[in-house]
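Read in order, the letters of the sequence shown are residues 1 to 359 in full-length UniProt numbering.
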Amino acid sequence: MPYILSSGIQCADYSCNQSDVQKLVYELFPLKDHEKKRLMPIFEHADIKERQFAAPLEWFKENHGLEERNHLYHTKALDYSLQAIRACLSNQPGDEFSTEDIDHLIFVSSTGISTPTLDAYIMNELGFREETKRTPLFGLGCAGGTSGVAKAYEWLLGHPDQNVLVICAELCSLTFQAEDARVSNFVGTALFGDGASAVLVAGNESSLLKKKKHPLPKIINSSSRTKAHSTDVMGWRVVDTGFEVIFNKSIPRLVKEFWSVHAEEIVRSNGWLIKDLPFIVAHPGGRKVLEAYEEVFNLKEDALEIPRKVLSSHGNMSSPTVHFVLHEVLKTQHEKGTKSIMTSLGPGFSSEIVSLEWE
């Protein structure tokens, strides 16, 4: 079975307190004062202290078209990806990995458009081998971080002596539309942040496993579920000025009714019990999503301590967010036999789960 060897993360350039973003949105949002005051508690109840953006807050006071937004996406997403990759490959002092070790790049992003996709630019910038395979994944949204790791796992089952680098880069803040008065846009401004991540996954016959000094998460299996006729739950609407966010208020309910069935099925098929998992590598889509996770399985409060910490410090960055959680988990050396699941929800409406066991 493939192993997760290393991870790297990169925050965006501009760190902003939640209260400062709230003041800006109150100033800009196209609603009457009494309507904005009714919605403002969304910011206060989001359990977010600060987030990082690819542009300063002043940038959002001006109108920007799709071309300008996408140029910023291309420039900044590439930069953050490069930094996350460098951090991932040098995450083990004395045992650094090389771009020469990488056989396959999986690049995940849903907040901008580029052809060729950014993984081609990444190959040029960092000197990957010409024969390195590329798989760009677009449109997975928040599910992309877990899905990317799942795709790496599935590919490595057939190529056990090789290594895959999964890269996620999202600039969710660029989707803010100053003229969009929908509640979805308001919720997005209370949650979204920007960032990038990289995760190195090695097949069980990879030479890189010789550098393994302590138990690492082995990927046991992966599973996906897509709920029928649920494409209106979350996603983007493409307009002349860029992307407009789609958020349906049914998301916490779907966590309870759809994700819970999926997660219970996977955990049971592994011969595990949810209550026996010391922590869950969960994408913190928002406070209500984390509360729904807890409610469904009566989780111990500390089982989601790291997802809460990531949400508080970075907001919801879409696909990289679950890798930020994984990055924190990997900072601790866990005992052999430790079990967990990595899980994310995304457009579709879809659920992605990867089972992990430290070995």
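Where is the CB? At the ideal position from N, CA and C, for every residue including glycine.
In this structure, Pro2 keeps its C-beta atom at 9 Å or more from the C-beta atom of Ala198. For a cut-off of 8 Å, the C-beta gap from Lys218 to Glu359 is around 5 Å, short enough to register as a contact. Straight-line spacing of the CA atoms in Phe349 and Leu273 works out to 25 Å. Under the DSSP assignment, Trp155 falls in the alpha helix (DSSP H) whose first and last residues are Gly144 to Gly158. A straight-line Cα-Cα distance of about 14 Å links Leu105 and Glu125.
For Thr75, the closest C-alpha among the options Ala190, Leu57, Val108 and Tyr121 is that of Tyr121. Glu100 and Val149 have their C-alpha atoms some 20 Å from each other. Here Ala54 is not near Leu118, since their CB atoms are 9 Å or more apart. Remark: fewer than three beta-carbon pairs, one from each stretch, lie closer than 8 Å, so the region 7-27 and the region 226-236 are not flagged as touching.
According to the DSSP assignment, Pro252 belongs to no beta strand (DSSP E) but to the alpha helix (DSSP H) extending over Ile251 to Leu254. Taken through DSSP and simplified to helix, strand or coil, His214 comes out as coil. Residue nearest to Asn316 within the set Val289, Gln83, Gly337 and Asp302 is Val289 (criterion: CA-CA distance). The closest CA to that of Asn204, considering only Ser222, Asp194 and Gln162, is found on Gln162. Taking the CA atoms as reference points, Ile341 sits about 43 Å from His34. With a cutoff of 9 Å on beta-carbon distance, Glu357 and Ile220 are scored as near each other. Judged by pairs of C-beta atoms under 8 Å, the region 240-247 touches the region 168-186, as three or more such pairs exist.
When only Cα atoms are considered, Lys309 and Tyr80 end up about 21 Å apart. Apart from the 5 residues on each side of it in sequence, Val233 sits with its Cβ closer than 6 Å to the Cβ of Asn248 and Phe349 in its chain, given in chain order. The beta carbon of Ser90 is closer than 6 Å to those of Glu96 in its chain, skipping five residues each way along the sequence.
In the three-state DSSP reduction, Lys300 falls in the coil class, being neither helix nor strand.
When secondary structure is reduced to three states using DSSP, Gly346 falls in the strand class.
In this model, Leu171 and Trp236 are separated by some 13 Å (Cα to Cα).
CA-to-CA, the gap between Val239 and Phe29 works out to about 18 Å. Apart from sequence neighbours up to five positions away, the residues of its chain that approach Phe324 with a beta-carbon distance below 8 Å are Ile9, Gly195, Ser197, Val310, His314 and Met317, ordered along the chain.
Cβ neighbours of His214 within its own chain (closer than 8 Å, five residues either side excluded): Gln333. For the options Arg134, Pro320 and Ser351, the alpha carbon positioned closest to that of Glu264 is the one of Ser351. With respect to Pro41, Tyr14 sits apart: the two C-beta atoms are not nearer than 9 Å.
Put simply, of Leu140, Lys32 and Leu208 the residue whose alpha carbon is nearest the alpha carbon of Val108 is Leu140. Counting the other Cβ atoms within 10 Å of the Cβ of Asn63 gives fewer than 16, which makes it exposed. Look at Glu131 here: in three-state DSSP terms it is coil, with no helix or strand label.
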